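Encoded as C-alpha cells, the structure appears first; notes follow it.
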Amino acid sequence: PGADAPELASAQAETTRTVSAAQIAREVTRRRTFGIISHPDAGKTTLTEKLLLFSGAIQLAGTVKGRKSGRHATSDWMEIEKQRGISVASSVMQFEYRDHVVNLLDTPGHQDFSEDTYRVLTAVDSALMAIDAAKGVEEQTIKLLNVCRMRNTPILTFMNKMDRETRDPLELLDEVESVLQIECAPVTWPIGMGKTFRGVYHLLRDEILLFAPGSERADQTFEVVKGIDNPRLAEMFPLEIEQLKMEVELVHGASHAFDLDAYLAGKQTPVFFGSAINNFGVREILDALLEWAPAPRPRDATVRTVEPQETPFSGFVFKIQANMDPAHRDRIAFLRVCSGRFERGMKIKHLRINRDIRVSNVVTFMASSREQVEEAFAGDIIGLPNHGNMQIGDSFSEGEMLQFTGIPYFAPDFFRSVRIRNPLKIKQLHKGLQQLGEEGAVQVFKPVHGGDLILGAVGVLQFEVVASRLLNEYGVDAVFEGTSISSARWITCDDKKALAEFEKSIAGNNIAFDAAGNMAYLATSGVNLRHTQERWPQLTFHATREHS
Ligand code: G4P
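Just so you know, we're using the numbering used here here: the sequence shown kicks off at 1031 and counts up by one.
Structure follows, in C-alpha cells:
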C-alpha cells in the first residue's frame, strides 16, 4: 500500500478536495498517537531522542536535549520563558517509521509539571511508561498512570537504565502490579544488570539480543542469538545463562502471558527492559507500538461517538500555549483531529461560538523538517494560532454540533490567594486571570462571600508562570500568599434548595465559583472535606470537572 501513496497524494492535489473513505481509513490505520509518562530523570528525554533517531527524524543524538539546560533553574521562570520558543515545537513530534505516522506528544514532567501534562494524556491513544529500574515506581508515575486509567489508555512499559545496578526485575514487576494496579506481561527479560548486563531475552520470539554500549548513530543494530538453548550462549556467558533459564521458568510460571486484548483494555502492560542511553531495547518498543498500540480510537461527544474514519473533519483543543511575543498575545491552540481530513485553508466551525473560521495559518509538527504539512487525519495534532477566542475543550467540525467530552480539569493541589499592590489595576488583574484561566495556565476561584481571589494549580511552578505573565503581559504586579485551603472539589446537586442552603450556611471563603462559573468547595484539610461531605450527603463532590 505504501507504493501508491505519492501518486495518490499528487492526484489529490491536482483534482479536488474530496477524499475517499478508503483513503481516510488507510491513513487512520497507519497512525499511532502516544505520550511518554515518567517521573523526572527516568529517561523520558533520552527515550524521546532515541525514538526520533530510530525513525530517522533526527540524525544525531543531542537534538532534543536543549530543554535540559532549563532543568536546574527550578524556580527561574525567565529560563522557562526562554525555552518556550522550542517548547511549542517539541510539544508534538510527528515522524514516519515503517510506513506508519507516529505522533509523540510531550507530557511535561519536570518542574514545569502542570495541568497541561494531564490534559495532553486525553489526546493520546496510548502511553509509554518509562521507569528507572534502580528506583522503581515513583510519585509522578503514579499520578500520570491514574490519569491514563480514566480512559483505560493502553500502556507499554520500559524499564530503563539496565546498564546500572538496578532493583531485582521480579521485584520491579511486583511493584508495578501492586502500586499501579496493572498486570505485567514481560516481553523481554534482562540478563544481568549494571557491569554484567549482557542483554535481554525476548520471551515471545525466543531470541537473545546482545547488549553493547550504544553509539549516537541511528542505524545501530545489536546482535541477535536465536534460542535460549543455543550453545553459543553457554560459551559466551556460562554463569548468566543458567541464571536466565531459571528466571525465565519462574517468569513463565509466575507472571502473565501477553494478551493483546487485556493490553488494549488498559488492564495489562507489556514490559520491556533496556537502556535508553545505549539505544538498547528502544527499537523493540517502537515495533511494539506499531504492532500492538491502537490506531486512533473513536471519541465520545455529547451527541454520539465519533469514528476516526468518518469523512467530515472534527477535533478538539486540549492545550493552549501562549506564544513568545507578549505584545501580540498570540496563542496556539493544540487541536487533536478526531475524524476526517483537515486541509490547510479549509473552513471549519468553532462550535462554542458557532462561527465558521478559515484556517490558513496552521502549525504542524513534522520532527524531521520545517515544512508545513498540508493535511492531517485522525490522531494528528495541528496548532491553530489565535488571539484568545479558543479555549481548552473547544470542539470543531464541518458543521455538525458535537462537543467532545472527556477533557478534564483536575482539582488543584496547591492554592494561593492573590492581592495587588496597586488597587487601580484591579480590572487588569481580573482580565489577566480570566484569560490565563481560559488558557488553562491556572485555575481561578472567586469566593462567594467576597475576599481575595484564590488561585489553584496542580504544580507550584504554575504560580510563578502566572505572576510573571501578569506582570509582563498585563502590567499587574500581583502578590501571591499562602492560604488555609488544601483541596478543592466541584459541587453538583440536582436539589436546588439544598445547594442554596449549602451556599448560605458556609461562611468565609470556602465556597467559590471558578472561571467557568462552576461552584466549588475549598476545604482547609482532609478532615474538613470529609466532615463537609458527611454533613451534606445530597451534594456530590467531584475531583475533576469537564469543560463546559
Ligand atoms: P527525563 O527526561 O525523564 O528527566 O530523563 P533524561 O532523559 O533527561 O535522563 C535523566 C538522566 O538519566 C540523564 O543523565 C540521562 O543521561 C540518564 N539516562 C537516561 N537513560 C539512561 C540509561 O539507559 N542508562 C543510564 N546509565 N543513564 C541513563 P545526565 O545527562 O547525566 O543528567 P543529570 O543526571 O546530570 O541530570
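Don't be surprised by glycine CBs; every beta carbon is placed ideally from N, CA and C. Being a predicted model, the structure only gives us computed values, none of them experimental.
CB-CB length for M1180 against T1171, believed under 8 Å
With 8 Å as the limit, M1180 and T1171 do not qualify as a contact, their Cβ atoms being about 16 Å apart.
Is Q1568 helix, strand or coil by DSSP?
The answer is coil: DSSP assigns Q1568 none of H, G, I, E or B.
Looking only at its own chain, which residues have a Cβ that is under 7 Å from the Cβ of G1166, when we skip the five neighbours before and after it?
Within the same chain, G1166 has close Cβ partners R1197, L1202, E1205.
Just curious, the beta strand (DSSP E) that N1190 is in, first and last residue?
Unbroken beta strand (DSSP E) run through N1190: 1185–1190.
Continuous beta strand (DSSP E) assignments of at least 3 residues falling wholly in the segment 1313–1358
1344–1352, all fully within the segment 1313–1358.
At what residues does the beta strand (DSSP E) containing K1165 begin and finish?
Neither: K1165 is in no beta strand (DSSP E) and is coded neither H nor E.
For a test of the three-state rule: what should DSSP assign to V1049, helix, strand or coil?
Here V1049 sits in coil by DSSP.
For L1216, count neighbouring C-beta atoms within 10 Å of its own C-beta (all shown protein chains included) and say buried if the count is 16 or more, exposed if not.
Correcting the residue identity first, residue 1216 is Pro in this sequence and not Leu. Burial call: buried.
Could you tell me whether any non-hydrogen atom of ligand 1 is closer than 8 Å to the CB of L1077?
For L1077, the distance from the CB to the nearest heavy atom of ligand 1 is below 8 Å.
Here's a check: name, in chain order, each residue in its chain whose Cβ is nearer than 8 Å to the Cβ of E1576, leaving out the five neighbours to either side.
Result list for E1576: G1423, T1435, G1436, I1437, P1438, Y1439, in chain order.
When every heavy atom of ligand 1 is checked, does at least one fall within less than 8 Å of the C-beta of D1193?
Set against 8 Å, the gap from the CB of D1193 to the closest heavy atom of ligand 1 is smaller.
Would the segment 1445–1456 and the segment 1492–1512 be scored as touching if the rule is three or more Cβ pairs under 8 Å?
At 8 Å Cβ cutoff, the stretches touch.
Can you give me the Cβ contacts of G1375 inside the same chain, cut-off strictly under 8 Å, excluding the 5 residues immediately before and after it?
So the qualifying residues of the chain are R1388, V1389, S1390.
Residues of its chain near L1319, where Cβ-Cβ distance is below 6 Å and the 5 sequence neighbours each way are ignored:
When the five nearest sequence neighbours on each side are left out, the beta carbons in the same chain lying within less than 6 Å of the beta carbon of L1319 are those of R1062, in order along the chain.
Cα-Cα, which of L1233, G1311, R1313 is closest to L1274?
Here the closest residue by C-alpha is L1233.
Starting from the Cα of I1315, find the closest Cα among M1189, L1200, A1546 and give me that residue.
I1315 has its Cα closest to that of M1189, out of M1189, L1200, A1546.
Can you pull the DSSP bridge partners for N1416?
Partner(s): R1361.
CA nearest to the CA of S1427, picked from D1259, K1457, E1373, L1077
Closest by alpha carbon: E1373.
Using the Cα positions of I1412 and L1365, report the straight-line distance between them to the nearest angstrom.
Within the model, the alpha-carbon separation for I1412 versus L1365 is close to 5 Å.
Can you tell me where the beta strand (DSSP E) holding D1264 begins and where it ends?
A small correction: the amino acid at residue 1264 is Ala; Asp does not occupy that position in the sequence shown. Looking at the DSSP string, A1264 is not in any beta strand (DSSP E); the run it does join, the alpha helix (DSSP H), is 1261–1266.
Rounded to the nearest angstrom, what separates M1108 and K1476 at their Cα positions?
At M1108 the pLDDT is 47, less than 50, meaning the model places this residue with poor confidence; the figure from the coordinates comes in the next sentence. Distance between the alpha carbons of M1108 and K1476 is about 29 Å.
Residue from H1417, M1266, T1332 with nearest C-alpha to A1465:
In the sequence on display, residue 1465 carries Gln and not Ala. If we check each option's Cα against that of Q1465, H1417 comes out closest.
Meets three-Cβ-pair contact criterion under 8 Å: the segment 1257–1277 and the segment 1323–1337:
Touching, no, given that fewer than three Cβ pairs across the two stretches are closer than 8 Å.
Could you work out which residue in S1050, A1055, E1079 is closest to R1313 when comparing CA atoms only?
Closest option to R1313, judged by alpha-carbon separation, among S1050, A1055, E1079: E1079.
Which residues in the same chain have their Cβ closer than 7 Å to the Cβ of E1207, if we skip the five residues on either side of it in sequence?
Around E1207: E1213, C1214.
Is E1373 helix, strand or coil when you go by DSSP?
Three-state result, E1373: strand.
Given E1337, which residues of its chain have a CB within under 8 Å of its CB, disregarding the five upstream and five downstream residues?
Closer than 8 Å at the Cβ level, and outside the excluded window around E1337, lie P1328, S1369.
According to the neighbour-count rule (16 or more other Cβ atoms, all chains shown, within 10 Å of its Cβ), is G1224 buried or exposed?
Counting other Cβ atoms within 10 Å of its Cβ, G1224 stays below 16 and is therefore classed as exposed.
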